[in-house]
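Trainee: In my numbering, the protein residues as written are 137 to 377. All C-beta atoms in this analysis are idealised placements derived from N, C-alpha and C, irrespective of residue type, glycine included. Just so you know, these numbers come straight off a predicted model, no measurement behind them.
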């Protein structure tokens with residue numbers, strides 16, 4: 137999804153996250169519970185849980201909160217049973233959108249997602265309608281000005297699949313989801329701190345939107361992000377705001 141607006145889009149996204157720290161904790165809590173329930177409470181045997189706990193620490197979540205949520209998931213404490221659901225749809229200009237949710241009430245969640253799509257100019261799609269346009273992978277993005285040769289050498293040696301440089305100077309490293317931890321350790325041990333590091337659904341291509349279309353698309357994405365049950369929103373729009 138290379139494009140001259142990638143860096144601007146990432147900075148907007150980070151700004152939005154900073155505005156709603158309370159919700160970040162809620163999302164991380166759900167991710168910890170689901171990850172621990174699916175793969176157990178041992179982070180050495182459960183990469184998904186390890187990543188969720190690292191997110192929690194980065195968001196300054198207290199260690200007691202983290203442990204309590206792991207205990208809930210593994211049966212040591214009574215907790216809510218969350219279900220993972222993915223919704224697909226179309227945004228402005230036919231842009232592909234996927235919304236990952238965790239919910240204890242599927243009926244409520246699908247109604248809220250459908251309402252957000254329709255209110256802001258999008259359309260809910262059926263299962264599989266846009267998922268084929270995305271790839272599950274590890275993604276790292278470095279700020280413009282980062283040493284490209286160093287990033288490329290370390291990343292590829294650690295198992296990364298590709299290193300891309302956008303026209304704005306941002307450097308993007310892509311790897312298989314299973315290689316995320318190895319690539320991250322290699323980069324960070326060399327003192328290279330990515331602005332963004334996550335296992336994500338990355339679009340294979342992009343649709344450029346500008347002016348009024350870009351603003352409408354951003355409103356749709358913000359509305360979906362703001363839903364209580366939303367964990368992540370993925371899309372293939374390059375917004376030139």
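#1: Looking at the structure shown, is residue 267 part of a helix, part of a strand, or coil, going by DSSP?
#2: Could you work out which residue in 227, 222, 230 and 245 is closest to residue 236 when comparing CA atoms only?
#3: At the level of alpha carbons, what is the spacing between residue 285 and residue 201?
#4: According to the neighbour-count rule (16 or more other Cβ atoms, all chains shown, within 10 Å of its Cβ), is residue 354 buried or exposed?
#5: By Cβ distance, which residues of its chain are closer than 8 Å to residue 195, with the 5 residues on each side in sequence left out?
#6: Going along the chain, which unbroken runs of the beta strand (DSSP E) with 3 or more residues stay wholly within the stretch 226-266?
#7: For the 8 Å Cβ check, are there 3 or more pairs between the stretch 326-336 and the stretch 272-282?
#8: If you draw a straight line from the alpha carbon of residue 288 to that of residue 369, how long is it in whole angstroms?
#9: Cα-Cα, which of 312, 227, 341 and 346 is closest to residue 291?
#10: Cα-Cα, which of 209, 242, 226 and 184 is closest to residue 220?
#11: Contact check, residue 350 vs residue 231 under 8 Å by CB: the rounded distance?
#12: Below 6 Å CB to CB, which residues in the same chain sit around residue 266 once its five sequence neighbours on both sides are set aside?
#13: At 3 residues or longer, and completely inside the stretch 166-228: list those beta strand (DSSP E) runs for me, N to C.
#14: What whole-angstrom Cβ distance do residue 184 and residue 271 have, given they're in contact under 8 Å?
#15: So within the stretch 306-376, which uninterrupted alpha helix (DSSP H) runs reach at least 4 residues, ignoring any that extend past its ends?
#16: Shorter than 7 Å, the distance from the beta carbon of residue 266 to the closest heavy atom of the ligand COA, or not?
#17: DSSP on residue 162, reduced to helix/strand/coil?
#18: Pick from 322, 315 and 341: whose alpha carbon is nearest that of residue 335?
#19: Given a cut-off of 8 Å, decide if residue 238 and residue 170 are closer than it, judged by their beta-carbon atoms.
#20: When the Cβ atoms of the stretch 355-367 are set against those of the stretch 247-254, are three or more pairs found closer than 8 Å?
#21: Excluding five sequence neighbours on each side, which residues of the same chain lie with their C-beta closer than 7 Å to the C-beta of residue 318?
#22: In the DSSP assignment, find the alpha helix (DSSP H) that holds residue 285 and state where it starts and stops.
#23: Count the other CB atoms, across all protein chains shown, that sit within 10 Å of the CB of residue 320; report buried if there are 16 or more and exposed otherwise.
#24: Using DSSP's beta-bridge definition, name the partner residues of residue 274.
#25: Please work out which residues of its chain come closer than 7 Å, Cβ to Cβ, to residue 179, disregarding the five sequence neighbours upstream and downstream, and give them in chain order.
Mentor: The answer reads as follows:
#1: The sequence position of residue 267 within the chain shown is 131, counting from 1. Helix at residue 267.
#2: Position 100 of the chain shown, counted from the first residue, corresponds to residue 236. Ranking 227, 222, 230 and 245 by Cα distance to residue 236 puts 222 first.
#3: The count along the chain shown starts at 1 and reaches residue 285 at position 149. The count along the chain shown starts at 1 and reaches residue 201 at position 65. Rounded to the nearest angstrom, the two C-alpha atoms are 41 Å apart.
#4: On the chain shown, residue 354 is found 218 positions in, with the first residue counted as 1. Label assigned to residue 354: buried.
#5: As a first step, residue 195 must be located in the chain shown, where it is residue number 59. Closer than 8 Å at Cβ, skipping near neighbours: 157, 160, 161 and 164.
#6: 232-239
#7: With the cut-off at 8 Å, the stretch 326-336 and the stretch 272-282 touch.
#8: For the purposes of this step, residue 288 is taken as the residue at position 152 of the chain shown. For the purposes of this step, residue 369 is taken as the residue at position 233 of the chain shown. About 28 Å.
#9: The sequence position of residue 291 within the chain shown is 155, counting from 1. Answer by Cα proximity: 312.
#10: Position 84 of the chain shown, counted from the first residue, corresponds to residue 220. Considering only alpha carbons, the answer is 242.
#11: The sequence position of residue 350 within the chain shown is 214, counting from 1. The sequence position of residue 231 within the chain shown is 95, counting from 1. With 8 Å as the limit, residue 350 and residue 231 do not qualify as a contact, their Cβ atoms being about 10 Å apart.
#12: Translated into the one-based positions of the chain shown, residue 266 becomes position 130. 224 and 232.
#13: 219-226
#14: On the chain shown, residue 184 is found 48 positions in, with the first residue counted as 1. On the chain shown, residue 271 is found 135 positions in, with the first residue counted as 1. Their Cβ separation, rounded to whole angstroms, is 18 Å, which puts residue 184 and residue 271 out of contact at 8 Å.
#15: Listed in chain order, the complete alpha helix (DSSP H) runs (minimum 4 residues) inside the stretch 306-376 are 316-325 and 347-361.
#16: Ligands in the displayed structure: none, and consequently the ligand COA is not present.
#17: Here residue 162 is taken as the residue at index 26 of the chain shown, counted from 1. Correct three-state label for residue 162: helix.
#18: What you label residue 335 is simply residue 199 of the chain shown in a count that begins at 1. The shortest CA-to-CA distance from residue 335 to any of 322, 315 and 341 is the one to 315.
#19: Position 34 of the chain shown, counted from the first residue, corresponds to residue 170. Position 102 of the chain shown, counted from the first residue, corresponds to residue 238. Cβ atoms of residue 170 and residue 238: closer than 8 Å.
#20: Counting C-beta pairs closer than 8 Å gives three or more between the stretch 355-367 and the stretch 247-254, which meets the contact rule.
#21: Locating residue 318 in the chain shown gives position 182, counting from the first residue. Result list for residue 318: 294 and 295, in chain order.
#22: Here the question's residue 285 lines up with position 149 in the chain shown. Run containing residue 285: 284-294, per the alpha helix (DSSP H) assignment.
#23: Here residue 320 corresponds to residue number 184 of the chain shown, with the count starting at 1. Counting of Cβ neighbours within 10 angstroms places residue 320 among the buried residues, the total reaching 16 or more.
#24: As a working note, residue 274 is residue 138 in the chain shown. DSSP output for residue 274 lists 311 and 335 as bridge partner(s).
#25: For the purposes of this step, residue 179 is taken as the residue at position 43 of the chain shown. Excluding positions up to five away in sequence, the list reads 185, 186 and 189.
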